[in-house]
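Following: one structure in structure tokens, then a few remarks.
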Amino acid sequence: MENKQHIFQDALKASIKKLSPKVQIQNPVMLVVYIGAVLSTIIYFLSFMSDQGADPFFIFVIALVLWLTILFANFAEAIAEGRGKAQAASLKQAKQDVLTRKINSIEDIKTQQFISLKSSDLKKGDLVYVEAGEQIPMDGDVVEGAASVDESAITGESAPVIRESGGDRSAVTGGTTIVSDFLVIKVTSESGESFLDKMISMVEGTERKKTPNEIGLQIILIMLTIIFLVVSVTLLPFTKFSSELAGQGEMLNLITVIALLVCLAPTTIGALVSSIGIAGMSRLNKENVIAMSGRAIEAAGDVDILLLDKTGTITLGNRRASEFLPVDGVKEEELADAAQLSSLADETAEGRSIVVLAKERFDIRGRELNDQEVNFIEFTAKTRMSGIDYQGDEIRKGAADTMKSYVESLGGTYPESCDKLVQRVASEGGTPLVVVKNKQVLGVIYLKDIVKNGVKEKFEDMRRMGIKTIMITGDNPMTAAAIAAEAGVDDFLAEATPENKMSLIKDYQEKGHLVAMTGDGTNDAPALAQADVAVAMNTGTQAAKEAGNMIDLDSSPTKLISIVKIGKQLLMTRGALTTFSIANDIAKYFAIIPVLFFSIYPSLEALNIMNLTSPTTAILSAVIYNALIIIALIPLSLKGVSYKEKPANKILSHNLLVYGLGGIIAPFIAIKLIDMFLTLIIM
1 MENKQHIFQD ALKASIKKLS PKVQIQNPVM LVVYIGAVLS TIIYFLSFMS
51 DQGADPFFIF VIALVLWLTI LFANFAEAIA EGRGKAQAAS LKQAKQDVLT
101 RKINSIEDIK TQQFISLKSS DLKKGDLVYV EAGEQIPMDG DVVEGAASVD
151 ESAITGESAP VIRESGGDRS AVTGGTTIVS DFLVIKVTSE SGESFLDKMI
201 SMVEGTERKK TPNEIGLQII LIMLTIIFLV VSVTLLPFTK FSSELAGQGE
251 MLNLITVIAL LVCLAPTTIG ALVSSIGIAG MSRLNKENVI AMSGRAIEAA
301 GDVDILLLDK TGTITLGNRR ASEFLPVDGV KEEELADAAQ LSSLADETAE
351 GRSIVVLAKE RFDIRGRELN DQEVNFIEFT AKTRMSGIDY QGDEIRKGAA
401 DTMKSYVESL GGTYPESCDK LVQRVASEGG TPLVVVKNKQ VLGVIYLKDI
451 VKNGVKEKFE DMRRMGIKTI MITGDNPMTA AAIAAEAGVD DFLAEATPEN
501 KMSLIKDYQE KGHLVAMTGD GTNDAPALAQ ADVAVAMNTG TQAAKEAGNM
551 IDLDSSPTKL ISIVKIGKQL LMTRGALTTF SIANDIAKYF AIIPVLFFSI
601 YPSLEALNIM NLTSPTTAIL SAVIYNALII IALIPLSLKG VSYKEKPANK
651 ILSHNLLVYG LGGIIAPFIA IKLIDMFLTL IIM
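Position one of the sequence shown corresponds to residue 1 (UniProt numbering), numbered consecutively onward.
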């Protein structure tokens, strides 16, 4: 509550500071209101020097309401910016200048030859040594060691993550803390250019540039304002000529024309367009995603192709043992017993699942083993198998082709029934592991990629939105097809390489599609750079993060679906409020014009459908409504229009009905009520 109050107070102060002409000139529509407020103020003071012209009280109220209109527009933008600044303040707490230990080479660790210096003095390419309990001084890649790292200052997640040299988990972020062991880090950014610095800058909005859609909308609003400006200026000579010709009525005065221009110009959307864009980035920040540009968020709203990695996105990422498939002549329990023995020292998720499955199926318990009677065979990239030597038995498990070569090298026979089992598992999207005991093939362990709960429903939602989902995997086509069918994706790319990922993206882009993808490895960088929306994982390599235009701090590839929804919600919000604003102008036209010209053309009384009291109350009511509606719509511009997975044509129809029709009805009701209130006060 205190934080919200602080944001509110800061926004009030900022809205006053934004009255500077340098700020107002950045929004041409509101600049017209600003100039109108200045002129109205001047006219008010001049009105005391002459008895001719409009009533000073009327001029004062018009000037006051125009200034309030500007302040309300400034407040909408300031409160949106305030949210970002509050998020940035928490990030700044993680950004500290700490003492660190620089080394010239890894050998310096043994001799304790450390150079102590501040983190701000580090240069790109420097090597630093960081131990448990110490803060990582600067962005970098791990070149030696493996450690648990607390990234809660950046991601908000309390659980530590593993960072190690090599692979796709080598990138570390300055401001995070090592929990265990040590790391040798090669600095990859200069002081002031770190990932945390960029995050703070983006969240604060200090470098927020207008997006192409925002610029396009602003051009339309400027054109409408110019049209209304020309029309309003011509009303002065027109009403003078008409009143003289008709022999009745009076020409409009300058203050009335200013008020009329402000009412008819699209000030509602002009006042809120900036806050809508800032709020969109803020909603993305709440999802722990940092967008490097507003263009990326808008592109996410127009995306119609999603490329998703299989592992960790569609599947849980850890394969689990689901079945023991013995070959002819072997009992399933015998296979389960051997499989469990071979996995007792296997600390991977797959190995633990084999032990658990044997226990659940046959109540085979883990046994006490001592070093004298057992020899564990660890998995290596060279042998591609693991196992155990126990009580004279040699038990091994591994990939089918590896185990076939192993059995045949020992003079054993690899049965045809095992090949059939392997093919069956692969065709169903699983991973087969062959178990061998004393050169005899016992059977196959069926490791299954578990598709995440709810993923199929999410893809169905995407399909209703007109978005095609494509799974990317390194699996063979047969396995990929089985998982794609189970997950419910529209298509898949098997045996994916950096080259064919990028080629696939280019093909879709050439056909006019907008493509989004996620990635975390260096091999994903080319495709990320090519994609229209590229979400890099924070746990990924520096190359992937630099290639992406968004970074997911939670490193959850499924976040891409949420990003698309936020992008669509931003575009919908802008479209809905633009529709409402233009519809407002139509209603205000019918509310004001008939009353203004009634003294010259009495027949226009028939168009005074609201039965407004007088031109004075009509103008005041319209100007007051014009200011109040901005305040009323600020919550909607910040929260965004409610989003549901529907086709674009249905969404458009719904918005035209709600915000188009609503934009016409609302001013009729509000202006009439304000007119009644003013009539009671003035009359």
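Cβ coordinates follow ideal geometry from the N, Cα and C atoms, glycine included.
Note that the structure is predicted; figures quoted are calculated from it, not measured.
Who are the near neighbours of residue i in its chain, counting only those whose CB is closer than 7 Å to its CB and skipping five residues on each side?
| i | result |
| --- | --- |
| D304 | G466, I467, K468, H513, L514 |
| V33 | L66, T69, I70, V262, T267 |
| F228 | L261, L264, A265 |
| I674 | S621, I624, Y625 |
| I664 | A583, I586, A587 |
| Y414 | K404, V407, E408, V441 |
| G280 | I297, I566, L570 |
In the structure shown, what three-state DSSP assignment does residue i receive?
| i | result |
| --- | --- |
| L612 | coil |
| T206 | Caution is warranted here: a pLDDT of 43 is assigned to T206, below 50, making its placement in the model unreliable, and no coordinate value can be reported. |
| I136 | coil |
| residue 706 | Because the chain in this structure spans residues 1 to 683, residue 706 falls outside the shown range and cannot be described. |
| P212 | helix |
| V515 | strand |
| V330 | coil |
| R163 | strand |
| K102 | strand |
| M49 | coil |
| V38 | helix |
| F60 | helix |
| I115 | strand |
| D491 | strand |
| T268 | helix |
| M251 | coil |
| T315 | strand |
| N549 | coil |
| F668 | helix |
| L19 | coil |
| E499 | helix |
| L183 | strand |
| F597 | coil |
| D507 | helix |
| L607 | helix |
| E486 | helix |
| L680 | helix |
| V641 | coil |
| F379 | coil |
| E2 | Low per-residue confidence applies at E2: pLDDT is 44, beneath 50, and the placement is therefore not dependable enough to give any value. |
| K13 | helix |
| K559 | helix |
Nearest to residue i by CA position, among the options, is which residue?
| i | options | result |
| --- | --- | --- |
| I106 | N285, L99, G140, L183 | L183 |
| V233 | E244, I219, M251 | M251 |
| Y390 | P432, A345, L341, N611 | L341 |
| E416 | K439, L344, V327, E373 | V327 |
| A529 | A516, T518, A547 | A547 |
| K568 | Y446, G329, R283, R320 | R283 |
| T479 | S242, A670, K359, K310 | K310 |
| E360 | T348, A336, F376 | A336 |
I'd like to confirm the pairing. Which residues does DSSP put opposite residue i in its beta bridges?
| i | result |
| --- | --- |
| Y625 | None, per the DSSP bridge assignment. |
| T469 | L306 |
| T177 | Q135, D150 |
| L325 | V444 |
| R352 | Note: R352 sits in no beta bridge, so no partner. |
| Y44 | In the DSSP output, where bridge partners are listed per residue, Y44 has none listed. |
| V130 | L183 |
| V172 | G140 |
| R464 | Looking at the DSSP assignment, R464 forms no beta bridge with any residue, so it has no partner. |
| R320 | K448 |
Who are the Cβ neighbours of residue i in its own chain at under 6 Å, not counting the five residues just before and after it?
| i | result |
| --- | --- |
| A484 | M471, F492 |
| P615 | V595, L596 |
| residue 684 | Any answer about residue 684 is impossible in this case: the structure gives the chain only from 1 up to 683. |
| F580 | Y659, G663 |
| G351 | S343 |
| L307 | I470, I472, M517 |
Got a sec? Which residues, its chain only, sit under 8 Å from residue i by beta carbon, not counting five neighbours each side?
| i | result |
| --- | --- |
| N608 | P594, V595, F598 |
| R463 | T469, D490 |
| L122 | T100, K102, V128, P137, M138, V187, S191 |
Determine whether the Cβ of residue i lies closer than 9 Å to any Cβ atom of chain D.
| i | result |
| --- | --- |
| S637 | Considering every chain present, this structure includes no chain D. It has just one protein chain. |
* Which residue spans inside the stretch 274 to 308 form an unbroken alpha helix (DSSP H) run of at least 4? -> 294 to 302
* **Runs of alpha helix (DSSP H) wholly within the stretch 384 to 457 (minimum 4 residues, chain order)** => 400 to 409, 416 to 427
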